[in-house]
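Undergrad: First the structure, which I've put down as structure tokens, then a few questions once you've had a look.
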Amino acid sequence: VDTPVLGQLRVRTNGTLGVDRSTGRIIGVAEQSELSPAELVSSWVGHTVSSETVESISLTTDQFLMPGLIDTHTHAPQFAFLGIGHDLPLMDWLNKYTFKHESEFKDTDLARRFYKDVIARIVRNGVTFAAYYGTIHLESNRVLAQTICQIGQRAYVGKVCMDANSPAYYSESTEDSLRDTEEFIKQVIGDQVDETQQRLVTPIITPRFVPSCSRECLEGLGTLAEKYQLPIQSHLCENPSEIEFATSCFPECPTYAHIYHKYGLLNSRTIMAHCVHLSDSEIALMRESKASVSHCPNSNFSLSSGIADIRRFIDEGIPVGLGTDVGGGYTPSILDAMRMAAAASRALIAFKRDNGGSKDKPLEAAEALFLATQGGARVMGMDEQLGSLDANKLFDAIVIDMNAPNSPMPSIDATPAVRDADSPYEAWRLRIEQFVFLADDRNISRVYVGGKLIHSI
Ligand code: GUN
Ligand code: FE
């Protein structure tokens, strides 16, 4: 099951998918084939492959394979205060809880203990690729990157930069911020590369947000992003007080988004989280810059930030993926992000209906699934490598068991609409709706990254 195109759910019943262990890539996919696994592999690679060299794994009729889930925005250290302080708006929540908890990661031993559990939990939730914010601390960020590599997840990891308007106990000089960012880039790039020659962890340029960065810091980060051709992540237009603060720091720029743009931080490699309150000119700038949006609906509900109009972004051609934004959001589950995105879409439609009318279509389950897979891959600049189950793509995938112990999904017999569906495709379509709205980590029975099994239950 996958969704290579927004709104199109692809189900290949009784299918077979081949993976080359040495490259971690998909070599072919067949549907309803009569051939044996070795015969299929032979047809895909163009020469005879003996059955002894082919290891095959079968799924039950209650299981399906789908692309791994992609979290385009999360904060690893913020698992330390999950579920706390959601009565506060963004700036108060940052000042009361966030900065204090993040500042504790000056202790590298804490990072070593803590990040192991965090990454394992995220992987259990079926996330094969995530864009992480660490903290300002060079060593703890390195521990985060190493932990992710050891567990085998794919990731972008950012050293958070904060040289302005930040509390004394959690800030850095401009010089330290830029020097440590470059040092982190060199360390992460130098540290790894596994036997399949894949680099799992890539550094990402991470100004926390405009209010916490000086002009010099933003300029230096823009230069580093260009020099190393790295992805960039930050926060944009999440909350009215934040926007007011950001624009008051840079009165020479017409909008919040223009500030990032001015410093070379808004381009086709940029992931901007939230974008709840973008103006028309900012939407135009995002589109022209080819920047992407990470939609974080759980966080936007939890911190009373508002609702991002992702239907509009999609219609305007701006790439959109899903983010959990832990701890603004209270769960690392991308399944939750799919449901919250659907709820956000419905709430926005109802609001528009009651305030002059709307022709928008609510976000369907298949569209939510797209945002969590192929859409996320596009946001991360990896849509040709990841996001769907197609030949030559990296095999980042999860096996879903709809009948797992204590599964929150009902059995097929308990859902007459599925049992009596007109076609196998329609039955699957309904089953996938149930998956999107009901499933959780109990249903995620295997997680593969780059062809390697990194989690199973
Ligand atoms: N803006 C700046 N920092 C943060 C953060 O840690 N979380 C969220 N949600 N927004 C931010
Ligand atoms: Fe965030």
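As numbered in the UniProt record's numbering, residues 14 to 470 make up the sequence shown, in order. For every residue, glycine included, the Cβ atom is placed at its ideal position computed from N, Cα and C. These numbers come from a predicted model, not from an experiment.
(1) Decide yes or no for the touch test of the segment 110-125 against the segment 329-336: beta carbon pairs closer than 8 Å, at least 3 of them.
(2) Considering only the alpha carbon of each residue, which of Lys129, Ala144, Thr36, Ser64 lies closest to Ile347?
(3) Since Thr87 contacts Ile132 with CB under 8 Å, what's their CB separation in whole angstroms?
(4) Give, in chain order, every unbroken run of the beta strand (DSSP E) that is at least 3 residues long and sits entirely within the segment 351-421.
(5) If we count Cβ pairs, one from each stretch, closer than 8 Å, do we get three or more for the segment 402-411 versus the segment 26-43?
(6) Tell me the residue span of the beta strand (DSSP E) that contains Ser247.
(7) Please report the straight-line C-alpha distance between Glu255 and Ser35, rounded to a whole angstrom.
(8) Please return the same chain residues whose Cβ sits closer than 7 Å to the Cβ of Asp189, not counting the five positions on each side in sequence.
(9) Please classify Glu115 as buried or exposed, where buried requires at least 16 other C-beta atoms within 10 Å of its C-beta.
(10) Cα separation between Gly96 and His271?
(11) Tell me the rounded alpha-carbon separation between residue 512 and His99.
(12) Go through its chain and collect everything with a Cβ distance to Leu466's Cβ below 8 Å, but skip five positions before and after it.
(13) Using only Cβ atoms and a threshold of 6 Å, which residues come within that distance of a heavy atom of the ligand GUN? Order them by chain position.
(14) Since Leu316 and Thr16 should fall inside the 8 Å C-beta cutoff, what is the C-beta to C-beta distance between them, to a whole number of angstroms?
(15) Within 8 Å, do at least three Cβ pairs link the segment 428-445 to the segment 60-76?
(16) Do Ile83 and Ala390 have their beta-carbon atoms positioned less than 8 Å apart in this structure?
(17) Tell me, please, which residues DSSP counts as bridged to residue 471.
(18) I need the straight-line Cα distance from Val140 to Gln21, nearest angstrom please.
(19) Start and end of the beta strand (DSSP E) containing Phe142?
(20) Tell me which residues share the same chain as Gly464 and place their Cβ nearer than 6 Å to its Cβ, disregarding the 5 neighbours each side in the sequence.
(21) Could you give the distance in angstroms between the alpha-carbon of Arg352 and the alpha-carbon of Val173?
(22) Quick one: give me the first and last residue of the beta strand (DSSP E) that Glu44 is part of.
(23) Expressed to the nearest angstrom, what Euclidean distance is found between the alpha-carbon atoms of Ser292 and Leu243?
(24) How would you call Phe364, buried or exposed, if buried means at least 16 neighbouring beta carbons within 10 angstroms?
(25) Might you give, ordered along the chain, the residues of its own chain that have their beta carbon closer than 6 Å to the beta carbon of Arg359, omitting 5 neighbours on each side?
(26) To the nearest whole angstrom, what separates the beta carbons of Pro80 and Leu402, a pair I think is in contact under 8 Å?
(27) Can you tell me whether Ala354 sits near the ligand FE, meaning its C-beta is under 7 Å from at least one heavy atom of the ligand?
(28) Within the segment 268-327, note down every full beta strand (DSSP E) run reaching 3 residues or more, in order along the chain.
(29) Quick test of your reading: Leu237 and Ile284, contact by CB under 8 Å. State the CB separation rounded to the nearest angstrom.
(30) Buried or exposed: which applies to Trp18, given that a residue is buried once 16 or more other Cβ atoms fall within 10 Å of its Cβ?
(31) List the DSSP bridge partners of Pro216.
(32) Determine the DSSP secondary structure at Arg192, reduced to helix, strand or coil.
(33) Assuming Ala378 and Pro310 are in contact, meaning their beta carbons sit under 8 Å apart, how far apart are those beta carbons, in whole angstroms?
(34) Going by C-alpha distance, which of Thr344, Asn252, Glu446, Gln398 is nearest Pro224?
(35) With distances taken between CB atoms, is the gap from Gln91 to Val289 smaller than 8 Å?
(36) Going by beta carbon distance, what residues of the same chain come within less than 6 Å of Arg25, once the five residues before and after it are set aside?
TA: In short:
(1) no
(2) Ala144
(3) Not confirmed; about 11 Å, so no contact.
(4) 410-414
(5) yes
(6) 245-249
(7) 48 Å
(8) none
(9) buried
(10) 33 Å
(11) No information on residue 512 is available, as it lies outside the stretch 14 to 470 that the chain covers here.
(12) Arg459, Val460
(13) His88, Leu103, Leu107, Thr111, Arg221, Phe222, His248, Glu251, Ser312, Asp338, Gly341
(14) About 29 Å; that fails the 8 Å criterion.
(15) no
(16) yes
(17) Lying before the first or after the last residue shown, residue 471 is absent from the chain, which here runs from 14 to 470.
(18) 22 Å
(19) 140-146
(20) Val32, Arg34, Gly37, Phe408
(21) 29 Å
(22) 38-44
(23) 27 Å
(24) exposed
(25) Pro375
(26) 6 Å
(27) no
(28) 283-287, 305-308
(29) Rounded, the Cβ-Cβ distance is 16 Å, inconsistent with contact.
(30) Before going on, a small fix: residue 18 reads as Val here, not Trp. With fewer than 16 Cβ atoms within 10 Å of its Cβ, Val18 is classed as exposed.
(31) Val170
(32) helix
(33) That belief does not hold up - the Cβ atoms of Ala378 and Pro310 are roughly 15 Å apart, past 8 Å.
(34) Asn252
(35) no
(36) Glu44
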